[in-house]
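See structure below.
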Amino acid sequence: DAMVIQNPRYQVTQFGKPVTLSCSQTLNHNVMYWYQQKSSQAPKLLFHYYDKDFNNEADTPDNFQSRRPNTSFCFLDIRSPGLGDAAMYLCATSGTRAGQPGANVLTFGAGSRLTVL
Amino acid sequence: AQTVTQSQPEMSVQEAETVTLSCTYDTSESDYYLFWYKQPPSRQMILVIRQEAYKQQNATENRFSVNFQKAAKSFSLKISDSQLGDAAMYFCAYKKNYGGSQGNLIFGKGTKLSVKP
């Protein structure tokens, strides 16, 4: 089945130790999103790619960066994780062309839960 | 700026009964989509139902239906014949229609639904 896969599902890191989360998709969607979701809160958009164009939210800390080497893969890099960065990180994709069924629907991965010690 | 408000942090329903989750939103746009997403504990966020703003007819998906009141900017979700598997966090979300796959989902804070056997 076409889907959005996130790895690892659980990541434990030490304060200040860089971590990379990955997302892959078999949907051939052109838009990929990274959301941060803290406990019992709504997901908060960090950034998204529209094809190769990178769009950073104004309030996303510089500590967070992203790479999208090709259509299928996207990475979230946290350069120096702090205790406040402990959260679930959700990857999502969207890609139906205008006028097609399912347009504007985001498909989410299962998430990567980050713990910072 | 667009906002989405879910005024019920928690709801509870008896198995086989009907429950309605409330959502209001604010936008100056006329062309947009509204969604309800379901996020079970420690599981993937999945789409429950979608409504196009230009459609007057309320969307339905099996036991799930919406009451879309465009003028009132209200978008409630009704779950009929509630099942134990319906227990989850439910997020109402808004997305402007750019004509393609661009744009971000704006989420409400969520409603935690419990289902009592």
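Just so you know, the protein sequences line up as chains A and B, in that order. Under this note's numbering, read the first sequence as residues 1 to 117, first letter to last. Under this note's numbering, read the second sequence as residues 1 to 117, first letter to last. Glycine included, every Cβ here is placed at the ideal spot set by N, Cα and C.
Rounded distance between the beta-carbons of residue j and residue i, thought under 8 Å
i: L34(B); j: F91(B); result: That pair is no contact at about 11 Å.
i: V19(A); j: L114(A); result: 7 Å
i: D85(A); j: V116(A); result: 6 Å
i: N104(A); j: S112(A); result: Not a contact, Cβ separation roughly 25 Å.
Where residue i meets chain A, residues with beta-carbon distance less than 7 Å
i: F107(B); result: A42 and P43
i: G110(B); result: A42
i: K95(B); result: N104
For residue i, the first and last residue of its enclosing beta strand (DSSP E)
i: A87(A); result: A87 to S94
i: S40(A); result: Neither: S40(A) is in no beta strand (DSSP E) and is coded neither H nor E.
i: A88(B); result: A88 to K96
i: D26(B); result: T24 to D26
i: F64(B); result: F64 to Q69
i: R67(A); result: F64 to R67
i: T33(B); result: Going by the sequence as given, residue 33(B) is Tyr instead of Thr. Y32 to Q39 is the span of the beta strand (DSSP E), which, as asked, contains Y33(B).
i: Y50(A); result: K44 to Y50
i: K55(B); result: Segment: none, K55(B) is in no beta strand (DSSP E) and carries neither H nor E.
i: S114(B); result: T111 to K116
i: N7(A); result: V4 to N7
i: M45(B); result: Run containing M45(B): none; DSSP gives neither H nor E here.
i: R113(A); result: S112 to V116
i: L27(A); result: It is not in any beta strand (DSSP E) - L27(A) carries neither H nor E in the DSSP assignment.
i: L76(A); result: F73 to I78
i: S82(B); result: Note, S82(B): premise wrong, no beta strand (DSSP E); not H, not E.
i: T20(B); result: V19 to L21
i: F54(A); result: D53 to N56
i: T60(A); result: Premise fails: T60(A) is in no beta strand (DSSP E) and is neither H nor E.
i: S7(B); result: Unbroken run through S7(B): none, as it is neither H nor E.
i: Q11(A); result: Y10 to T13
Short Cβ contact (9 Å threshold) for residue i with residue j
i: Q41(A); j: Y89(A); result: no
i: A87(A); j: L106(A); result: no
i: G16(A); j: P81(A); result: yes
i: N30(A); j: D59(A); result: no
i: Q8(B); j: S22(B); result: yes
i: A88(B); j: F107(B); result: no
i: L105(B); j: L27(A); result: no
i: S114(B); j: S30(B); result: no
i: A110(A); j: Q14(A); result: no
i: F75(A); j: S22(A); result: yes
i: K109(B); j: Q6(B); result: yes
i: A71(B); j: T24(B); result: no
i: T20(B); j: K96(B); result: no
i: E138(B); j: I49(B); result: Since the first and last residues shown for chain B are 1 and 117, residue 138(B) lies out of range.
i: E10(B); j: K116(B); result: no
i: F47(A); j: E57(A); result: yes
Neighbour list for residue i in chain B, Cβ cutoff strictly below 8 Å
i: L90(A); result: M45
i: A110(A); result: R43 and Q44
Chain A residues whose Cβ lies nearer than 8 Å to that of residue i
i: N104(B); result: Y33, L45 and H48
Contact set between residue i and chain A, taken where Cβ atoms lie within less than 9 Å
i: K38(B); result: Ordered by position in chain A, no residue passes the 9 Å Cβ test against K38(B), which lies about 11 Å from the chain.
i: F91(B); result: A42 and P43
Stretch-stretch touch, CB-based, cutoff 8 Å, three pairs: the region 28 to 35 of chain A with the region 54 to 71 of chain A: yes
Touching by the beta-carbon criterion (3+ pairs, under 8 Å), the region 27 to 45 of chain B and the region 64 to 73 of chain B: yes
Cβ pair count under 8 Å reaching 3, the region 15 to 28 of chain B against the region 79 to 98 of chain B: yes
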